[in-house]
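For reference, the structure is listed below as structure tokens.
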Amino acid sequence: MSAMQKRITRTLALISTLAVLGAATGCHKKASGVNPSSLGPAAPPAAPAPTASITADPLAIDLGQSIVLNWRSQNATNVTIDGIGEVNLNGTQTVSPSNSTNFHLTAKGDGGTTEANVRVTVRVPVAPSAPAPENVDMGSEAAFHQNVQDIFFDYDSFDLRPDASTSVAQAASYLTAHPSIKVVIGGYCDDRGSAEYNLALGENRANAARAALISAGVASNRLRVISYGKEKQFCTEETESCWQQNRRAQFSLDR
Amino acid sequence: MHSPRRTPLFQHAQFSRIGAIFLLFAFVSLLRAQDTFKTETSSGVTNVRIAVADFKPSSTDQQTSGLKGTFDTTLYSDLANAGIFDIVSKSLLPQIIPGVPAEMNVQQWSAAPASAAMVAFGNFGVQGGKILCNGFLFDAKNLQYPQVLAKQYNEDASEDSARQIAHRFADEIIFRLSGGSQGIAESKIFYVKINGGNKEIWEMDYDGANQRALTSLGSISLSPRISPDNSRLAFASLGKDGFQIHMYSLILGRMVAFTGTGGTNITPAWAPNGKDIAYSSSRSGDPEIWISDANGALARRITSFRGPDVSPTFNPRTGSQIAWISGRTGLPQLYIMDTDGSAIQRMTDGGYATSVSWSPNGQFLAFAWDRKYGPGAPGGQDIYIMEIATKRWIQLTHDGGRCDFPSWSPDGRHIVYANTPDGKAGHMRIMTMLADGTQKRALTGPGADMPNWSWK
């Protein structure tokens, strides 16, 4: 959003538009260069800048399900959505993406260009390995998962391993830099052993990760813990590598 | 445990008296662990030989034969599964079917090949949409006054009533012939039905009949526990704040309030007074055993030790002790304590012990135990019972796949449990057996887990 605002501000400054517009869009940012309001009335009124919005319903789906994209624009002459192409100025479309996608809408008009984004999360029921990087710019979700990585545990243990300290330090610094993010920590166990005991063990695992983040400086009220025990298995094969994937504390954005 | 002691003795040259004593000691203590002890599977006498006659149809209503078939099958299986009878095979019974005492000639039944000590018989008919059933129990050895029991039942005609009448008559017979122990034929089993990604709470009769859903929460619900008076069911269910205790009223047929708290709250257990509930709560950051009233209020913490504390169960006889599972020393072990958190005693000496259930007479614990648990270990998880006073245990299941969640029947003679022959969680089914490990049979098909037997 701030990038968009900055770009609009710059565009307006360049064509020396009215002070009112400049003040309205630039008020939260220190305008780079000349403050348009100091230039005084000069140029004729320009065409109004286009506005655009895009929404998706639902925002998260399982693989194979579809979503409805819905977009609206004003003062635009040409609207495109990456991956779909040129579309009507206002419209809806049903799509079923095969993985999490950032739908990026660009609206061009006489008054300039504006953009809108919506991120759709596709839950793919396979391994939690990081998805292949895509060309679309990293949404906050992707950046989150890149910086705040799952912590894995030894069998029947909720003690943090030495290799977890790197993940914790990286996660803590990312969370410190993004103070608005809240996190749910899910505690998971492999499918051996008993369901009831594993729920308590998963709770201890998630709490161990939470305690490590708190001692690394993350405020405790930003961290919520849920134990799933062995009720939500990522990987269902009877192998150590699969069990290891299931024995983890998993971080996700708490919306 | 004993073999490391024994091996150096054999290597020793002067292996004589000391060695012999030591060996004897090792052998005796080995026996001690494996020794059997008396469970309540028998009534203290040799099993009574009982003949169960098919009941005589007493009306020509077209419903009679179908419902009478249900009744006969249910009565026979109730008595055969009770564990206290030597039941006479139907092929050995006399040809004549008596319907009323006047038609009964007990000598026919006490003579070979039936050789019965007791005979259950009667008549069954449907008239005007009602079942009328008369049941009798005769002592076949008492020629002068053979009648032990006579019961009359009058219910609306349905499959379910036919089954319930049979259960009630069976319970009367068991009560008379078992030395006063209440029958279990009217008891219920509550369990988790695995339904795709969801798990709902279901209910069935003790013999696996009449399976039906109680909840439809579209979530994962676990650990159903029925209150002592059969009025309420506590369980844990996954919501947006993780697993929490929920309460279902069987009288109102809907959910009722249970005060929520922070953290993960799971594995409820009823005190025998029906007023208190013990459960595992991590509201303080670590899963501990807490006790609250049945509405979730007045919660107090009982344990405080780092690591998982979970799956409590009250001593149903006294209500003053709790058995539970704790991971305070690593792998989960079985412990008991008083309800104020004192007198903690560890019961298992190793392995992976979970899912404890306390026998109705207070003497035994049934639990799931994998004695050789670990990565790559060949252990299997089986059902064991332990005599609390001596900590002696016996293994009840062997090589039948993974077993879990034993729960005692109200009479303490049976144990219901979950079993998956191939170890796959989705193939879990509910089995029952006598508390000495005999007469195992499945009550459900695959997709059923965590059984809990009602208190009565």
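Chains as they are written, first to last, in my numbering: chain A, 245 to 499; chain B, 600 to 1055. Each residue gets a CB set at the ideal place from its N, CA and C atoms; glycine is no exception.
Secondary structure at residue i, three-state DSSP: helix, strand or coil?
i       : result
A/N451  : helix
B/R775  : helix
B/K1055 : coil
B/N722  : strand
A/L258  : With a pLDDT of only 47 at A/L258, under the threshold of 50, the placement of this residue in the model should not be trusted, and no figure is reported.
B/N680  : helix
A/N332  : coil
B/G665  : helix
A/K476  : coil
B/K729  : strand
B/E887  : strand
B/T917  : coil
B/S760  : helix
Could one say the Cβ of residue i lies closer than 9 Å to chain B's Cβ atoms, at least one of them?
i      : result
A/R468 : yes
A/E481 : no
A/F507 : Look at the range of chain A in this structure, 245 to 499, and you will see that residue 507 of chain A is not part of it.
A/A386 : no
A/G308 : no
A/L443 : yes
A/K426 : no
A/R499 : no
A/A267 : Note on A/A267: pLDDT 44, under 50, position unreliable in the model; no value is reported.
Should residue i be flagged as near chain A, meaning a C-beta pair shorter than 9 Å?
i       : result
B/M1049 : yes
B/F1004 : yes
B/I819  : yes
B/K798  : yes
B/G841  : yes
B/K909  : In the sequence on display, residue 909 of chain B carries Val and not Lys. At least one chain A Cβ lies under 9 Å of B/V909.
B/T1043 : no
B/A1024 : yes
B/A835  : yes
B/L608  : Confidence at B/L608 is low in this model, with a pLDDT of 38, below 50, so its placement is unreliable and the value that follows should be read with caution. Closer than 9 Å: no.
B/T863  : yes
B/G926  : yes
B/A967  : yes
B/P823  : no
Express the C-alpha separation of residue j and residue i in angstroms, rounding to a whole number.
i       : j       : result
B/G918  : B/A870  : 6 Å
A/S424  : A/L467  : 12 Å
B/W1007 : B/T1031 : 10 Å
B/Q763  : A/C433  : 43 Å
B/G779  : B/R1040 : 26 Å
A/A540  : B/G852  : Because chain A spans 245 through 499 in this model, residue 540 of chain A falls outside it and cannot be assessed.
B/P575  : B/A922  : The requested residue 575 of chain B is not part of the displayed model; chain B covers only 600 to 1055.
B/L629  : B/G979  : Any answer about B/L629 is weak, because its pLDDT of 42 lies below 50 and its placement is not dependable; what the coordinates show is given next. Cα-Cα distance, rounded: 20 Å.
A/S411  : B/I865  : 30 Å
B/A942  : B/Q781  : 32 Å
B/G577  : A/G329  : There is no way to answer for residue 577 of chain B, as the model of chain B reaches only from 600 to 1055.
B/N809  : B/G949  : 40 Å
B/R775  : B/N733  : 17 Å
B/Q1038 : B/P915  : 25 Å
A/R449  : B/I901  : 22 Å
B/S777  : B/D1010 : 10 Å
A/I429  : A/A416  : 13 Å
B/T860  : A/Q488  : 31 Å
B/D998  : A/R436  : 17 Å
B/D806  : B/L1042 : 6 Å
In the DSSP assignment, find the alpha helix (DSSP H) that holds residue i and state where it starts and stops.
i      : result
A/N391 : S384 to N391
A/S411 : A408 to A421
A/N490 : E484 to N490
In terms of residues, what are the limits of the beta strand (DSSP E) holding residue i?
i      : result
B/E799 : N797 to D804
B/A709 : This sequence places Ser at residue 709 of chain B; Ala is not what is there. Note, B/S709: premise wrong, no beta strand (DSSP E); alpha helix (DSSP H) at V705 to S709.
B/G838 : R831 to G838
A/R367 : G356 to R367
A/N346 : T345 to G353
B/Y847 : G841 to S848
B/Q980 : No beta strand (DSSP E) holds B/Q980; DSSP gives it neither H nor E.
B/D937 : Q932 to D937
B/L821 : S820 to I825
CB of residue i to nearest heavy atom of the ligand GDP: below 8 Å?
i      : result
B/R970 : As for the ligand GDP, it is missing from this structure, which has no ligand bound.
Residue i touches chain C at which residues, Cβ-Cβ below 7 Å?
i      : result
B/Y951 : Checking the listed chains, one finds no chain C in this structure; the protein chains it contains are A and B.
Could you please give me the residues that DSSP links to residue i through a beta bridge?
i      : result
B/P656 : B/F723
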